[in-house]
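Some notes on the structure that comes next.
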Amino acid sequence: METIESIAANTALVRAREGGGRSWKWKEMLRFPNISQCKDLAMNIERDYYSLCVKEPIGKKLFQLFCRIIISEAIVALLLCVLSNDIAVQCQMEFIFLLWIRDLHKYLSNEPFAQYQDSMFFARFLQWKQLERSPITKHTFRQYRLLGKGGFGAVWACQVRATGKMYACKKLEKTHVKKRKGEDMALNEKEILQELDSRFVVNLAYAYETKHNLCMVLTMMNGGDLGFHIHRMGSPGLTKDRARFYAAEVCCGLIHLHQKSILYRDLKPENILLDDNGHIRISDLGLAVKMSEGSLVRGRVGTLGYMAPEVIGYERYGMSVDWWGLGCLIYEMTAGRPPFRAKGEKPKSSEMERRIQNEHEEYGNQFSKETKDICSLLLTKDPTKRLGSQKSGGKDVKSHPFFQEINFRMLEAGCVDPPFKPDPSQVYCTDVQDIEEFSTVKGVHFDQTDIFFYSQFNTGSNSIIWQNELIETGCFEELNVFGPKGSASPDLIW
Ligand code: ADP
Ligand code: MG
Ligand code: MG
Numbered sequence: 001m002e003t004i005e006s007i008a009a010n011t012a013l014v015r016a017r018e019g020g021g022r023s024w025k026w027k028e029m030l031r032f033p034n035i036s037q038c039k040d041l042a043m044n045i046e047r048d049y050y051s052l053c054v055k056e057p058i059g060k061k062l063f064q065l066f067c068r069i070i071i072s073e074a075i076v077a078l079l080l081c082v083l084s085n086d087i088a089v090q091c092q093m094e095f096i097f098l099l100w101i102r103d104l105h106k107y108l109s110n111e112p113f114a115q116y117q118d119s120m121f122f123a124r125f126l127q128w129k130q131l132e133r134s135p136i137t138k139h140t141f142r143q144y145r146l147l148g149k150g151g152f153g154a155v156w157a158c159q160v161r162a163t164g165k166m167y168a169c170k171k172l173e174k175t176h177v178k179k180r181k182g183e184d185m186a187l188n189e190k191e192i193l194q195e196l197d198s199r200f201v202v203n204l205a206y207a208y209e210t211k212h213n214l215c216m217v218l219t220m221m222n223g224g225d226l227g228f229h230i231h232r233m234g235s236p237g238l239t240k241d242r243a244r245f246y247a248a249e250v251c252c253g254l255i256h257l258h259q260k261s262i263l264y265r266d267l268k269p270e271n272i273l274l275d276d277n278g279h280i281r282i283s284d285l286g287l288a289v290k291m292s293e294g295s296l297v298r299g300r301v302g303t304l305g306y307m308a309p310e311v312i313g314y315e316r317y318g319m320s321v322d323w324w325g326l327g328c329l330i331y332e333m334t335a336g337r338p339p340f341r342a343k344g345e346k347p348k349s350s351e352m353e354r355r356i357q358n359e360h361e362e363y364g365n366q367f368s369k370e371t372k373d374i375c376s377l378l379l380t381k382d383p384t385k386r387l388g389s390q391k392s393g394g395k396d397v398k399s400h401p402f403f404q405e406i407n408f409r410m411l412e413a414g415c416v417d418p419p420f421k422p423d424p425s426q427v428y429c430t431d432v433q434d435i436e437e438f439s440t441v442k443g444v445h446f447d448q449t450d451i452f453f454y455s456q457f458n459t460g461s462n463s464i465i466w467q468n469e470l471i472e473t474g475c476f477e478e479l480n481v482f483g484p485k486g487s488a489s490p491d492l493i494w
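Quick note on numbering: the UniProt record's numbering labels position 148 of the sequence shown as 148, and the sequence is numbered without any gaps.
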């Protein structure tokens, strides 16, 4: 039954995410430092064209503003470049287009980029960068309800006071981390997340510390996890359309991770989250591992019911374990239960291990021919024979008939509408009072090594995500004004 406490927590969260949650002091919070305060930054920032003018969203916007002034010059130069290569007539349009872009960047990264760095637009960029580097503390955010519980702490809904942007804050309790020697794991999760930029994996927006916690601020996923949708929304299981769509997006996420030599190792419905529109992202990269070129890893990690036979068998393994995980996921979305466990059954671990290694999963009549076929190929016990584990990797999975109706190029561009859109007025998580409290750990003392570890963790804002937040919430547009008639405003004059 829903308690008053739970209703209040949900109402507050639903209101907050309806938008307009900027603090009334937001302009003060985002006040530009005078340009003279950006001297160190100006000296130390790496003057790399690609990252400053292409990758960083605010950098790109300011460079574009600057380019408006010199654009006609650029087009002439570009035309000259293209014509002098004399390829225009011979090539396909797409190729020409890529060359154009390449040549354009080549041109812009020389003289225009040099001029840009002497302009007021770059001075403004430095001001934004200085703001981006402001220390992050618990006062940066407002906190809403508890969303879920994890191994080292809890995940809370939160909102950046200055911009109104909602995020999920995964808090790891310092005492728990120390007691259970989770330092490497916590840092590993943070560093892997920081390196990724995919629409199919949660983003890390901020990493910071408070007196008691290490915090990772992640993309807010309002639609709940797949476990909730499979098991807690009526009769267990999902329609074939939904199962196929989620499987396809997870497949893209896995391919992105594998391209970066990251093995995920924790694929299960609880770790796949839905956003407002019904797209999924892979989350919880606590067990992910960066592999070195051509090598395999060993280690019995993961969640037992979803572990591949080679993991259970203490063998060395590679990307094959994630494809096994995808097989378990498609199976569970279809059957409403994982492949080696009956509904409501809780077998002992030794029994689970035996089944995973020796038994063949059964396919009921919910499975179409293609669904059954892809599951059995992904759940092949021998990792070398498993779908996805051959040389062409994830490509083989994408071209399986199960995915025939999926246009992967459109999906990767975010242009496919999800088959199910979460209801914005609903909170798709366990009631607050039903999420267990975290036990407190006593008798843990912190020393110099801990402080060093916290400082490695506490890296503040993640540039690209922070800049996108300012653009998306309209703060950039409102604050990025210059003086009258396009002159520099006083705070921009060195
Ligand atoms: P752990 O590593 O301890 O398993 P998770 O990262 O899986 O922790 O988080 C625990 C739970 O918190 C998830 O199952 C989910 O319900 C919720 N959660 C985690 N990240 C988010 C997010 N980005 N948005 C919404 N809820 C989340
Ligand atoms: Mg988890
Ligand atoms: Mg985890």
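Note that beta-carbon positions come from the ideal geometry of N, C-alpha and C, so glycine has one too.
Any non-hydrogen atom of ligand 1 closer than 7 angstroms to residue i Cβ
i: Asp-276; result: no
i: Thr-303; result: no
i: Val-444; result: no
i: Lys-346; result: no
i: Thr-219; result: yes
i: Lys-174; result: no
i: Arg-202; result: According to the sequence provided, residue 202 is Val. The question's Arg does not apply to it. Flag set: Cβ of Val-202 near ligand 1.
i: Val-54; result: no
i: Lys-179; result: no
i: Val-311; result: no
i: Ala-42; result: no
i: Ala-168; result: yes
Residue i CB to nearest heavy atom of ligand 5 below 7 angstroms
i: Leu-273; result: Among the ligands present in this structure, namely ligand 1, ligand 2 and ligand 3, ligand 5 is not found.
Heavy atom of ligand 2 within 7 angstroms of residue i beta-carbon
i: Glu-270; result: yes
i: Gly-150; result: yes
Where the alpha helix (DSSP H) through residue i begins and ends
i: Gln-194; result: 183–195
i: Lys-149; result: Here Lys-149 belongs to no alpha helix (DSSP H); instead the beta strand (DSSP E) covers 141–149.
i: residue 495; result: Nothing about residue 495 can be read from this structure; the chain reaches only from 1 to 494.
i: Cys-328; result: 320–335
i: Ile-7; result: 4–17
i: Arg-355; result: 349–358
i: Arg-409; result: 408–412
i: Arg-124; result: 120–132
i: Ile-464; result: 463–472
i: Trp-26; result: 26–29
Distance cut-off 7 angstroms: residue i Cβ against heavy atoms of ligand 3
i: Asp-284; result: yes
i: Asp-266; result: yes
i: Leu-287; result: yes
N- and C-terminal bounds of the beta strand (DSSP E) containing residue i
i: Met-166; result: 166–173
i: Tyr-50; result: Here Tyr-50 belongs to no beta strand (DSSP E), and DSSP marks it neither H nor E.
i: Ala-207; result: 204–209
i: Ala-213; result: Per the sequence presented here, residue 213 reads as Asn, with Ala not at that position. Looking at the DSSP string, the run of the beta strand (DSSP E) that includes Asn-213 is 213–219.
i: Cys-158; result: 154–160
i: Leu-273; result: 272–274
Alpha carbon of residue i to alpha carbon of residue j, nearest angstrom
i: Gln-90; j: Leu-104; result: A caution first: Gln-90 carries a pLDDT of 46, below 50, which makes its placement in the model unreliable, though a value can still be read off. Using only the alpha carbons, I get a separation of about 20 angstroms.
i: His-176; j: Val-444; result: 9 angstroms
i: Asp-86; j: Arg-102; result: Any answer about Asp-86 is weak, because its pLDDT of 49 lies below 50 and its placement is not dependable; what the coordinates show is given next. Rounded to whole angstroms, Asp-86 to Arg-102 spans 15 angstroms at the Cα level.
i: Ala-154; j: Leu-147; result: 8 angstroms
i: Ala-248; j: Lys-60; result: 31 angstroms
i: Pro-401; j: Ser-368; result: 11 angstroms
i: Thr-449; j: Leu-187; result: 14 angstroms
i: Asp-434; j: Lys-149; result: 11 angstroms
i: Gly-253; j: Leu-30; result: 34 angstroms
i: Gly-305; j: Leu-131; result: 46 angstroms
i: Gly-278; j: Cys-415; result: 13 angstroms
i: Glu-472; j: Glu-353; result: 47 angstroms
i: Cys-375; j: Leu-52; result: 44 angstroms
i: Met-185; j: Pro-490; result: 47 angstroms
i: Gln-357; j: Lys-381; result: 7 angstroms
i: Pro-347; j: Tyr-317; result: 25 angstroms
i: Met-307; j: Leu-285; result: 16 angstroms
i: Gly-151; j: Leu-65; result: 47 angstroms
i: Lys-372; j: Met-333; result: 12 angstroms
i: Trp-156; j: Asn-480; result: 32 angstroms
List, from N- to C-terminal side, the alpha helix (DSSP H) runs of 4 residues or more that fit wholly inside the region 415–460. 448–457
In the region 369–400, which residue ranges form an unbroken beta strand (DSSP E) of at least 3 residues, counting only runs that do not cross its ends? None, since the region 369–400 contains no complete beta strand (DSSP E) of that length.
List, from N- to C-terminal side, the beta strand (DSSP E) runs of 3 residues or more that fit wholly inside the region 280–315. 280–282
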